[in-house]
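Residues 1 to 257, numbered by the numbering used here, are exactly what the sequence shown covers, in order. Notes follow the structure.
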Amino acid sequence: MNGRNMEGMPVERAKTRRRKSHCPAGARLGAVACEDEFNSQELEALFQNYNLKLEQTATLKALAVLIVAASSLSLVELLSSPRLTLSKGSYPVHCVVFLSLFIVTNVKYLQVTQLQQIAKLALLFSFTFALLCCPFPLALGTSELMSAAAPEQGVWQLMLVTLVAYVLLPVRTLLAVLFGVMLATSHFIVIATSFTGRKQKLWRPLVANAVLFTSVNLSGVFVRILTERTQRKVFLQARNCIEERLRLEDENEKQVN
Numbered sequence: 001m002n003g004r005n006m007e008g009m010p011v012e013r014a015k016t017r018r019r020k021s022h023c024p025a026g027a028r029l030g031a032v033a034c035e036d037e038f039n040s041q042e043l044e045a046l047f048q049n050y051n052l053k054l055e056q057t058a059t060l061k062a063l064a065v066l067i068v069a070a071s072s073l074s075l076v077e078l079l080s081s082p083r084l085t086l087s088k089g090s091y092p093v094h095c096v097v098f099l100s101l102f103i104v105t106n107v108k109y110l111q112v113t114q115l116q117q118i119a120k121l122a123l124l125f126s127f128t129f130a131l132l133c134c135p136f137p138l139a140l141g142t143s144e145l146m147s148a149a150a151p152e153q154g155v156w157q158l159m160l161v162t163l164v165a166y167v168l169l170p171v172r173t174l175l176a177v178l179f180g181v182m183l184a185t186s187h188f189i190v191i192a193t194s195f196t197g198r199k200q201k202l203w204r205p206l207v208a209n210a211v212l213f214t215s216v217n218l219s220g221v222f223v224r225i226l227t228e229r230t231q232r233k234v235f236l237q238a239r240n241c242i243e244e245r246l247r248l249e250d251e252n253e254k255q256v257n
């Protein structure tokens with residue numbers, strides 16, 4: 001970060017505001033998904049560049065978690081049954097995709113826009129990965145496997161992917177919230193439409209799944225907002241320290257001259 005560029009920015013402009021496009025007036029629940037943003041576009045750009053290395057490291061961690069999850073499920077499914085299904089065949093494919101994104105993210109000179117595009121791709125393939133873990137007939141393949149499936153199947157994969165999206169992937173908070181809600185809704189739709197013969201016994205696992213998904217999403221939003229505000233606070237403190245040091249140096253130079 002260039003200290004001279006930060007010197008030209010007045011201290012009183014180093015404040016945050018809510019994104020108007022994401023925070024409609026009077027929407028209390030919608031305000032939870034809003035992000036803070038600096039009033040100055042130049043200061044916001046400085047923050048994005050300052051935070052790039054941290055976000056790159058977090059993206060690498062997220063992709064590493066997804067690679068381990070996909071490869072582990074591939075190995076377990078391969079050892080459990082030799083029969084090929086859609087979900088079993090998707091695990092190695094997702095593992096290769098996540099590994100490719102990991103290699104691309106590990107580039108030394110990565111731009112902010114490039115990292116954001118990689119994060120969105122990781123979010124997209126995380127959605128397909130978690131969706132194919134749900135117990136619907138197309139993924140399980142046969143009626144015998146479908147009869148052995150349970151409503152709680154795929155829950156831990158969805159929770160893991162949702163936490164990764166909130167905590168590690170550098171995407172908008174609103175996008176992460178939509179991702180978590182869409183995953184939970186998709187799982188409920190799959191369970192409600194697939195287990196037609198056992199509807200009288202579905203309400204208990206559905207309630208349990210609803211509690212788990214709600215807890216994961218609320219925890220993720222809470223952690224993400226705290227992390228975002230802490231990073232901006234640390235950035236402002238570093239900027240103010242550099243600005244104060246440059247001001248003192250200028251005053252010393254004037255006194256010497």
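Every residue gets a Cβ at the ideal spot worked out from N, C-alpha and C, and that includes glycine. Every value quoted in this text rests on a predicted model; they were computed, and no experiment measured them.
Helix, strand or coil at residue 154 according to DSSP, with G and I counted as helix: As a position in the sequence shown, residue 154 is number 154, starting the count at 1. Coil at residue 154, not helix or strand.
For residue 95, the nearest candidate out of 185, 188 and 128 (CA to CA): Counting from 1 along the sequence shown, the entry for residue 95 is found at position 95. Cα-wise, what sits closest to residue 95 is 128.
Cα-Cα separation between residue 235 and residue 53, rounded to whole angstroms: What you label residue 235 is simply residue 235 of the sequence shown in a count that begins at 1. What you label residue 53 is simply residue 53 of the sequence shown in a count that begins at 1. So the alpha carbons of these two residues sit roughly 13 Å apart.
Candidates 175, 155, 239 and 219, of which the one nearest residue 46 by Cα: In the sequence shown, counting from the first residue as 1, residue 46 sits at position 46. The shortest Cα separation from residue 46 among 175, 155, 239 and 219 belongs to 239.
Rounded Cβ spacing between residue 261 and residue 59 (contact assumed at less than 8 Å): Outside the modelled stretch of the chain, which goes from 1 to 257, sits residue 261, for which no answer is possible.
The segment 70-80 touching the segment 90-104, judged by at least three CB pairs closer than 8 Å: yes
Segment limits, alpha helix (DSSP H) that includes residue 39: For the purposes of this step, residue 39 is taken as residue 39 along the sequence shown, with counting starting at 1. That residue, residue 39, is in no alpha helix (DSSP H); it is neither H nor E in DSSP.
Stretch-stretch touch, CB-based, cutoff 8 Å, three pairs: the segment 104-114 with the segment 158-166: no
Neighbourhood of residue 205 by C-beta, 6 Å cutoff - its chain only, sequence neighbours within 5 removed: Start at 1 with the first residue of the sequence shown, and residue 205 comes out as number 205. Excluding residues within five positions, the ones whose Cβ falls inside 6 Å are 151 and 152.
Residue 193 versus residue 228: straight-line alpha-carbon distance, rounded: Position 193 of the sequence shown holds residue 193. Position 228 of the sequence shown holds residue 228. In a straight line, the C-alpha of residue 193 is about 39 Å away from that of residue 228.
Selected residue, minimal CA-CA separation from residue 219, among 73, 160 and 70: Residue numbering aside, residue 219 sits at position 219 when the sequence shown is read from its first letter. Residue 219 has its Cα closest to that of 160, out of 73, 160 and 70.
For residue 132, the nearest candidate out of 156, 117 and 120 (CA to CA): The residue given as residue 132 occupies position 132 in the sequence shown. The option with the nearest alpha carbon to residue 132 is 156.
Proximity below 7 Å, CB of residue 178 to CB of residue 158: As a position in the sequence shown, residue 178 is number 178, starting the count at 1. As a position in the sequence shown, residue 158 is number 158, starting the count at 1. No. Outside cutoff.
Spatially closest choice to residue 180 from 230, 250, 203 and 124, by CA coordinates: In the sequence shown, residue 180 corresponds to position 180, counting from 1. Closest by alpha carbon: 124.
Residue 232 classed as buried or exposed, judged by whether at least 16 other C-beta atoms fall within 10 angstroms: Numbered from 1 along the sequence shown, position 232 holds the residue referred to as residue 232. Burial call: buried.
heavy atom of the ligand MG below 6 Å from residue 221 C-beta: This structure simply doesn't include the ligand MG, nor any ligand for that matter.
Where the alpha helix (DSSP H) containing residue 117 begins and where it ends: If you number the sequence shown from 1, residue 117 lands on position 117. Run containing residue 117: 112-131, per the alpha helix (DSSP H) assignment.
Limits of the alpha helix (DSSP H) - the one that residue 232 falls within: Mapped onto the sequence shown, residue 232 falls at position 232. Run containing residue 232: 203-256, per the alpha helix (DSSP H) assignment.
Extent of the continuous alpha helix (DSSP H) to which residue 109 belongs: Numbered from 1 along the sequence shown, position 109 holds the residue referred to as residue 109. Residue 109 -> no alpha helix (DSSP H), and no H or E assigned at all.
Enclosing alpha helix (DSSP H) for residue 92 [first to last residue]: Residue 92 sits at position 92 when you count from the first residue of the sequence shown. Unbroken alpha helix (DSSP H) run through residue 92: 86-105.
Residue 191 versus 87, 154, 211 and 171, residue with shortest Cα-Cα distance: In the sequence shown, residue 191 corresponds to position 191, counting from 1. That would be 154, whose Cα lies nearest to the Cα of residue 191.
Same chain only: Cβ atoms within 8 Å of residue 186, ignoring 5 sequence neighbours per side: Looking up residue 186 in the sequence shown gives position 186. Only 131 and 134 meet the Cβ criterion.
Close Cβ partners of residue 252 (< 8 Å) along its chain, the five nearest in sequence each way excluded: The residue labelled residue 252 in the question sits at position 252 within the sequence shown. Closer than 8 Å at Cβ, skipping near neighbours: no residue.
Residue 248 burial status per 10 Å Cβ neighbour count (16 or more: buried): For this step, residue 248 is matched to residue 248 along the sequence shown. When all chains shown are included, residue 248 counts as exposed.
Limits of the alpha helix (DSSP H) - the one that residue 73 falls within: Here the question's residue 73 lines up with position 73 in the sequence shown. From DSSP, the alpha helix (DSSP H) with residue 73 extends over 52-80.
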